[in-house]
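Asker: Here it is: the structure, laid out below.
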Amino acid sequence: MKATVVVGLQWGDEGKGKVVDYISDQYDAAVRFNGGANAGHTVVLNGKKTVFHLIPSAALRGKLLFIGPGVAVDPQRLIDEYNEVKPGHLLVDPRATVTTPFDIWLDGKLEELRGSRIGTTGRGIGPTYANRLYRVSPRVCDVAMGKDPDFGPLYSAFGYSGDLNGWSKMYSEFLRQHMGDVSQELLSLYESGKALLFESAQGTLLDPIYGTYPFVTSSNTIAPYVSIGAGFPFNKVDDVVGVMKAYQTRVGAGPFFTELSGPMADRIRARGNEYGSTTGRPRRVGWLDLVSVRYAVRLNGVTRIALMKLDVLSGLERLLVAVRYRYNGKATVDFARSLYEQPEPEYAELDPMPETDWASAIRSGRLPREALGLVELVERETGVKVWLVSAGQERAMSVEM
Ligand code: GDP
Ligand code: IMO
Ligand code: MG
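Quick note on our numbering: the sequence shown kicks off at 1 and runs consecutively.
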């Protein structure tokens, strides 16, 4: 019996898809429990790239796949992805919230009305979760039963003129075929000795409560949300894999204290191919921020770290890592205060990483001394063991420490 959560420790796009694919051979089932089609989780296998948005990234391993009640389900995108990936098994919880064309429209409208845009993915995520709390969203079971979304007064209040009559009919058959009590199924599997892998979307710093509000997403992204978003008992989760890049990226607006600009930023963006998996937008890049990572490790109860994209840093002439924040000149490891007060990051300068033949370094298990220096710094600052180091997109380009 094993229940592991894979969670992002930064602003998303840490490489969760790669890690889920990598470890899922040791699991029987994989589960999405938060977010929606705003997620873009990449798996590269023998040169072929697959980007998962709603279906768990363990699909290529032929595992049992689940979409929990905490997910925002866009039925059109789900069906398109299903047809592309052709998973052998997929169960969607009837209580999950459905993203409607109204939600997607409202997402754009709210961005327009806001003074400063958040830079959402435009997938209707904020309105889906908000409308659920307003108690006007359809659930998966409603659409499966052919019930159309109908919140006329809300539509007119916002000036929405779409017609959703007959909308549910397009999706009801698919949803009826794939609908089932995910919460109950997961517990049954667990009790019969199966191993479960929970795949979080987004990252800790995009959590609506703990992240850099208001520049966040609209469902919780931290590991404890498994108990709500999958209906799985929280006291049965015994392993939390925190995924982090060896530097920092962010797509969309919001604070980013170690952000780089100019040639160094351009090089990291180019080498790391830092363009959004969902929207194709260029990602903002910067030095690794261990003050925020330390905060994320604590909130998620991380038990082991996957350190990704080390290859991107090799060949750069400098390597900096933020290890403290200064507020009024005083150095601390307090991240929470930065949510309302501007800190000045304090950096450790590491020996820059040389150009490296990563394939042979990984094959032999001998990483460059400079890479090991970074691993040690991460372990020292977070108090958690780096379990996996990744230095390439392919499943094979990873080494367990
Ligand atoms: P996720 O949202 O956390 O699953 O991450 P994304 O898939 O959005 O973005 C991570 C990107 O980095 C993808 O294109 C991955 O294929 C790629 N990637 C993952 N690990 C590594 C690595 O170690 N090195 C390099 N160069 N690319 C990686
Ligand atoms: P994965 O799972 C990176 C960001 C958006 C925007 C903010 C709100 O691939 O790591 P939303 O559409 O959720 O209302 O947008 O959150 N964002 C992500 N950034 N990776 C993601 O997912 C993201 N999902 C949302 O760019 O800043
Ligand atoms: Mg992504």
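For glycine and all other residues, C-beta sits at the position ideal for the given N, C-alpha and C.
When the Cα atoms are used, what is the spatial distance from Asp181 to Gly124?
Answerer: Between Asp181 and Gly124, the C-alpha separation is close to 25 Å.
Asker: If Asp13 sits next to Arg283, beta carbons under 8 Å apart, how far is it from one beta carbon to the other, in whole angstroms?
Answerer: 7 Å
Asker: Counting only the same chain and skipping the five closest in sequence on each side, list residues whose C-beta sits under 8 Å from that of Gly166.
Answerer: Asp148
Asker: For the ligand MG, is there a heavy atom less than 8 Å away from the beta-carbon of Ser390?
Answerer: no
Asker: When the Cα atoms are used, what is the spatial distance from Asp239 to Ala195?
Answerer: Using only the alpha carbons, I get a separation of about 11 Å.
Asker: Tell me whether Met179 sits in a helix, a strand or coil according to DSSP, three-state version.
Answerer: strand
Asker: Leaving out five residues before and five after Ala96 in sequence, what residues of the same chain have Cβ atoms less than 6 Å from its Cβ?
Answerer: Answer for Ala96: Pro69, Val71, Val73 and Val140, listed in chain order.
Asker: Within the continuous alpha helix (DSSP H) that includes Pro153, where are the two ends?
Answerer: Gly152 to Phe158
Asker: Across which residues does DSSP place Asp239 in a beta bridge pair?
Answerer: As DSSP reads the structure, Asp239 sits in a beta bridge with Thr4.
Asker: If you scan the stretch 318-376 from start to end, which runs of the beta strand (DSSP E) of 3 or more residues do you find wholly inside it?
Answerer: Complete beta strand (DSSP E) runs here, min 3: 319-327, 330-332 and 344-350.
Asker: Spatial neighbours of Phe33 within its chain, please: CB distance less than 6 Å, with the 5 preceding and 5 following residues excluded, ordered by chain position.
Answerer: Gly68, Gly70, Phe198, Val226, Gly229 and Ala230
Asker: Using 8 Å as the cut-off, classify the Cβ of Val73 as near or not near the heavy atoms of the ligand IMO, replying yes or no.
Answerer: no
Asker: With a threshold of 6 Å on Cβ separation, who are the neighbours of Ser277 within its own chain once the five nearest residues in sequence on each side are excluded?
Answerer: Gly40, Thr42 and Val51
Asker: Nearer than 8 Å: is that true of the beta carbon of Arg271 relative to any heavy atom of the ligand GDP?
Answerer: yes
Asker: With distances taken Cα to Cα, identify the nearest neighbour of Gln76 among Asn300, Val98, Asn235 and Ala331.
Answerer: Val98
Asker: I'd like the list of long-range same chain contacts for Gly162, defined as Cβ closer than 7 Å, with 5 residues on each side in sequence excluded.
Answerer: Contacts found: Pro101, Phe102 and Trp105.
Asker: For Arg275, list the residues DSSP reports as bridge partners.
Answerer: The sequence shown places Tyr at residue 275, not Arg. Beta-bridge pairing links Tyr275 to Pro282.
Asker: Give me the residue from Ala3, Glu173 and Met401 with the minimum Cα distance to Gly365.
Answerer: Met401
Asker: Using alpha carbons as the reference points, say which of Thr249, Val291 and Leu186 lies closest to Ala30.
Answerer: The alpha carbon of Ala30 has as its nearest neighbour, out of Thr249, Val291 and Leu186, the alpha carbon of Leu186.
Asker: Mind checking whether the beta-carbon of Leu310 lies closer than 8 Å to any heavy atom of the ligand GDP?
Answerer: yes
Asker: Under 8 Å: do the stretch 340-357 and the stretch 313-328 share three or more Cβ pairs, one atom per stretch?
Answerer: yes
Asker: According to the neighbour-count rule (16 or more other Cβ atoms, all chains shown, within 10 Å of its Cβ), is Glu376 buried or exposed?
Answerer: Under this definition Glu376 is an exposed residue.
Asker: Give the range of the beta strand (DSSP E) segment to which Phe256 is assigned.
Answerer: Per DSSP, Phe256 belongs to no beta strand (DSSP E) and is neither H nor E.
Asker: Considering only heavy atoms of the ligand IMO, does any lie closer than 8 Å to the CB of Trp11?
Answerer: Relative to the non-hydrogen atoms of the ligand IMO, the Cβ of Trp11 comes within a distance shorter than 8 Å of at least one.
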